[in-house]
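One structure below.
Protein chains: 2
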Amino acid sequence: MEITRHHIQEAHKRVKPFIHHTPVLTSSTINRLAGAEVFFKCENFQKIGAFKIRGAMNAVLSLPKEKQQQGIATHSSGNHAQAIACVAREVGTKAYIVMPSTSPPVKVEAVRGYGAEIFFCEPNQQARERTLQEVVDRTGAEFIHPYNDYAVITGQATCAKELVEEISSLDAIIAPVGGGGLISGTSLSAHYFSPAAEVYAGEPEGAADAVLSIKSGKIETAPYVKTIADGLLTTLGDKTFPIICRFVKDIFTVSDEEIIEAMRLVFERMKIVVEPSGVVPLAALLKNREQFAGKRVGIIFSGGNVELKRLGEWF
Amino acid sequence: MEITRHHIQEAHKRVKPFIHHTPVLTSSTINRLAGAEVFFKCENFQKIGAFKIRGAMNAVLSLPKEKQQQGIATHSSGNHAQAIACVAREVGTKAYIVMPSTSPPVKVEAVRGYGAEIFFCEPNQQARERTLQEVVDRTGAEFIHPYNDYAVITGQATCAKELVEEISSLDAIIAPVGGGGLISGTSLSAHYFSPAAEVYAGEPEGAADAVLSIKSGKIETAPYVKTIADGLLTTLGDKTFPIICRFVKDIFTVSDEEIIEAMRLVFERMKIVVEPSGVVPLAALLKNREQFAGKRVGIIFSGGNVELKRLGEWF
């Protein structure tokens, strides 16, 4: 399947009534430090605190009504779980969320707060998938994948669409890459709605599967996984990978120290809360500033769901 | 002297070109928790990260041009020092700042970053005043008091003026009280521009001089001083106290635990950075929610200058 301009436009109409139109902020200090004109699309202010609601909402609203009513299901301990739970409440159906038994209580409570039913499993991929399959078999709920799903990708594309509609003549857009839902949607929206803007991805060194996959031409896993950017641990999917190969110009990796430096800058200068995964694109910009000198750069702050008790470790 | 409606209007015209018109934000979660409709005037997004620029700017712009050119001086280790340094740079004059030798390096650097000249002194009131007097004698600079100054109070009043012009029919406004510059300006703006809104102050239990002063009818010092709200340690002045007595309806005290709870809420739900002194009014609202049930309440988030390395102690 090819996601067209029309698909993204229709998705935007579909999700608009249910999501926030998030603001685009600027900071003269960061412009000075980066030597570029930087525009931050603030999905940390989005419902559930992250862009994930866009893809989940589009996927669920695209289901036939009868299917919607049988409920929706996913496995996730992060922002996608909250997104699915929130969407289910908004459209009036049931959400079934499979979470590892090791999930932080604050995340479990957030999901439960939306009225979702939670199923705990052992913290490994096999157990997650088996438990999810059992839930789906028993309930008839529709599984919504966190990123490897065309309707999810199309929903995530609405974020960059809003950005380029508000800020004209961007030379570049940088978004984080985990499983690739946001970056592939971002690259599609740039391609259709702002073709002069080149799209780049930011990736943690401690989860560097995407940069490896682009090099080898097939989906790879990361050589090692250790980063504070806990939203970017997943590997690419067979639907996101080809879009990234075609439309993403380059992938920059950044260390956890660079991620923390970027977070410090955002907290101190912009006075807003962005999660480690969310500042990866800014860290990538600051690390590669010669390449973007004098340019107009859009940055997607993908989320703001920080575990506050970890701030003491970072700052 | 009586500060009139006209004074505040003129001050607003004077400072407007030099300050940010800060946004008023809302949070459905906090509305639900407070049982009220709450409007947050976000001075954490103001230049220098706090409302203090308003008063400093108005005071300096109100000086005769020749006086301005001799420079301006103050003693402060906090937001007022940055405000004076920033104003001096904007109007093209010199700033002389007396700071205790124990000031955190990050604050010293911020003041120096604006090009101010810094004079260190022993960390006590006597040394501050003596050093300041020496600087003023030597340079001919004008001393701008952080709060006990009519031009400063009038400048701070522009913050609540903007709030009530944007949000109609407020039933109440809550601002923090330290030396009383912001709260007295707030109460004057409410009186002139939104007379149905009653004005309340929030004060830390560990710097409870204002609540005591109101009770006794004269300026008192706090019984003990120990709070994380480091912007609110000062006592009232002979210019702020009478305005507070006349126009402020009540003063609520809050504990450091209540301040931290309010900060947590703002970081987690609003995804913005507010300093301990800045969330005192929200902590006061949440502690006294029966009194404000169903009302439209304006809250002044006075600043966002948090020392990030202290977040680990609080969360």
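The listed protein sequences derive, respectively, from chains A and B. Residue numbers are given in this note's numbering: position 33 of the first sequence equals residue 768, and the series is strictly consecutive. Residue numbers are given in this note's numbering: position 171 of the second sequence equals residue 906, and the series is strictly consecutive. All residues carry an ideal CB built from backbone N, CA and C; glycine is no exception.
- Interface criterion not met: the Cβ of Gly914(B) is under 8 Å from no Cβ in chain A.
- When secondary structure is reduced to three states using DSSP, Ala808(A) falls in the strand class.
- Val934(A) has Ile908(A) and Val983(A) as its beta-bridge partners, per DSSP.
- Excluding its 5 nearest sequence neighbours in each direction, Ile832(B) has C-beta neighbours in its own chain below 8 Å: Ala808, Thr809, His810, Ser811, Ala816, Ile819, Ala820, Val846, Ala851, Glu852, Ile853 and Phe854, listed in chain order.
- Nearest CB-CB separation between Gly1039(A) and chain B: below the 8 Å threshold.
- Taking 8 Å as the cut-off between beta carbons, none of the residues of the segment 822 to 835 of chain B comes near chain A.
- Against chain A, the beta carbon of Arg789(B) has no neighbour under 9 Å; the closest one sits roughly 17 Å away.
- Taking the Cα of Val822(B) as reference, the smallest distance to any Cα among Gly890(B), Asn766(B) and Phe976(B) is reached at Gly890(B).
- Where Met998(A) is concerned, the enclosing alpha helix (DSSP H) starts and stops at Asp991 to Leu1000.
- Between Glu933(A) and the set Val843(A), Phe976(A), Asp944(A) and Ile908(A), the nearest pair of CA atoms involves Ile908(A).
- At a cut-off of 8 Å between C-beta atoms, Ile1007(A) counts as an interface residue with respect to chain B.
- Under DSSP, Pro939(A) forms a beta bridge with Val989(A).
- Using a Cβ distance threshold of 8 Å, Ile1035(A) and Pro1016(A) count as a contacting pair.
- Between Phe786(B) and chain A, the shortest Cβ-Cβ separation is not below 8 Å.
- With contacts defined as CB atoms closer than 8 Å, Ile954(B) and Phe976(B) qualify as a contacting pair.
- The C-beta distance from Phe774(A) to Ser1037(A) rounds to 15 Å, too long to fall under 8 Å, and the pair is not in contact.
- Here the segment 916 to 933 of chain A makes contact with the segment 980 to 996 of chain A; the two share three or more CB pairs at distances below 8 Å.
- Taking every protein chain shown into account, the CB of Gln803(A) has 16 or more other CB atoms within 10 angstroms, so this residue is buried.
- For Ala964(A), the secondary structure class from DSSP, reduced to helix, strand or coil, is coil.
- In this structure, the alpha-carbon of Ser836(B) lies about 14 Å from that of Gln861(B).
- In summary, Glu901(A) is exposed, with fewer than 16 beta-carbon neighbours lying within 10 Å of its beta-carbon over all protein chains present.
- Gly875(B) carries a coil assignment under DSSP once its states are collapsed to helix, strand and coil.
- In the three-state reduction of the DSSP assignment, Leu1043(B) falls in the helix class, which pools H, G and I.
- Taking C-beta separations shorter than 8 Å and ignoring five residues to either side along the sequence, the partners of Thr874(B) in its chain run Gln805, Gly806, Ala808, Lys829 and Tyr831, following chain order.
- For Lys1044(B), the nearest beta carbon of chain A is closer than 8 Å to its own beta carbon.
- For Ile879(B) against Val870(B), the beta-carbon gap comes to about 13 Å, at or over 8 Å, which does not count as contact.
- For Pro835(B), the secondary structure class from DSSP, reduced to helix, strand or coil, is strand.
- Measuring C-alpha to C-alpha distances from Leu1043(A) to each of Asn766(A), Val1009(A) and Ile738(A) identifies Val1009(A) as the nearest.
- Your pair Val912(B) and Ala945(B) checks out as a contact, with CB atoms roughly 5 Å apart and the cut at 8 Å.
- Listed along chain A, the residues sitting closer than 7 Å to Arg999(B) by beta-carbon distance are Leu1043.
- Partner residues in the beta bridge of Ala785(A), as assigned by DSSP, are Gly1038(A).
- The beta carbon of Gly1047(B) sits closer than 8 Å to some beta carbon of chain A.
- Residue contact with chain A for Phe1050(B): present (Cβ-Cβ distance below 8 Å to some residue of chain A).
- Contact between Lys974(A) and Asp884(A) is confirmed by a C-beta separation of about 7 Å, below the 8 Å threshold.
- Distance from Gly915(B) to Gly966(B) at the Cβ level is roughly 12 Å; contact not present, criterion being Cβ atoms closer than 8 Å.
- Pairing Ser904(A) with Phe1027(A), the inter-Cα distance amounts to about 14 Å.
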